[in-house]
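Numbering (the numbering used here), first residue to last: 34 to 342. Quick reminder that beta carbons are idealized off the backbone N, C-alpha and C, glycines included.
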């Protein structure tokens, strides 16, 4: 791997450099796929939970499954593969967090306290992690991931490339007003069969392109192009309907540092996994991942061509 590019760190980040069939030399990657919520497998949760010394809420793994960005890594990587198939001379850098957001969120500063206000974000470090050594460990892991992500954005966007930050979210905005030691109890209440249908249904695709003041931070033209592409696939796509690029998120920091070069979006988990349930590990379906990746890759290629023109 190029010495200027970050490398994988066990238990922190998986870094992969994909090369097109005609790629050569040491040109910087044209595309970065950064997945801050990439720890979406139960094994990721169990590996880190086993390292923690203090008590955790009972059945916390239920929160992990309900809240993890299942499928984000799958469609992000598939998008990169399609991008390189169309640009065989190019390379793509992929960065996947291996730190479950259940413990500390790699899309937040570790010190971010969270907000219960509408549109607010959950905390960086989970408040139910109380053991001093556990908190220190999680902050250390988080810092190492942020170093990897920072280096990746500098290597790709700093050289004129573009970045994709893929996320997924649950189908509905459920009535959870805080994340604390009772989070599993609250989730079971919200997802009770007699109650779950009352919560608002989210768009199948939600682009995160603007900040809280409505300023566009994503590549110019991406909103219109992506909405067209996803709707042509039969998907209900909107922009900034559920969330925006909140200043409390590291995604906002990367997009602000590299304006017009970073695209973030949410894909509803049941779009990728038709059998998705909140409290179990699922698997995105390959054909559904392909549908999202096809639309994304096509638009990213067009946007990059416009930037290069």
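Span of the beta strand (DSSP E) around residue i
i	result
residue 52	46-52
residue 68	64-68
residue 241	238-241
residue 112	That residue, residue 112, is in no beta strand (DSSP E); its alpha helix (DSSP H) goes 105-119.
residue 128	124-130
residue 201	195-202
Segment limits, alpha helix (DSSP H) that includes residue i
i	result
residue 96	93-100
residue 177	165-189
residue 80	75-82
residue 217	216-223
Candidates the options: closest to residue i by CA position
i	options	result
residue 304	219, 292, 320 and 293	320
residue 266	238, 158 and 278	238
residue 138	55, 309, 179 and 329	179
residue 323	40, 43, 116 and 97	116
residue 288	250, 76 and 195	250
residue 121	54, 68, 59 and 169	54
Neighbourhood of residue i by C-beta, 6 Å cutoff - its chain only, sequence neighbours within 5 removed
i	result
residue 270	238, 260, 263 and 264
residue 219	209
residue 212	155
residue 85	167
residue 71	106, 129 and 130
Proximity below 8 Å, CB of residue i to CB of residue j
i	j	result
residue 197	residue 64	yes
residue 74	residue 302	no
residue 185	residue 39	yes
residue 195	residue 336	yes
residue 49	residue 174	no
Residues near residue i by beta carbon distance below 8 Å, same chain, minus five either side
i	result
residue 223	207, 208, 209, 229 and 232
Cβ shell of residue i (< 7 Å), same chain only, five flanking positions each side left out
i	result
residue 96	135, 216, 217 and 220
residue 326	108, 111, 112 and 115
residue 306	103, 104, 315, 316, 317 and 318
residue 331	262
What ranges does the alpha helix (DSSP H) occupy inside the segment 255-323, keeping only unbroken runs of at least 4 residues that lie completely in it? For the segment 255-323, whole alpha helix (DSSP H) runs of length 4 or above, ordered along the chain, are 255-265, 283-290 and 302-305.
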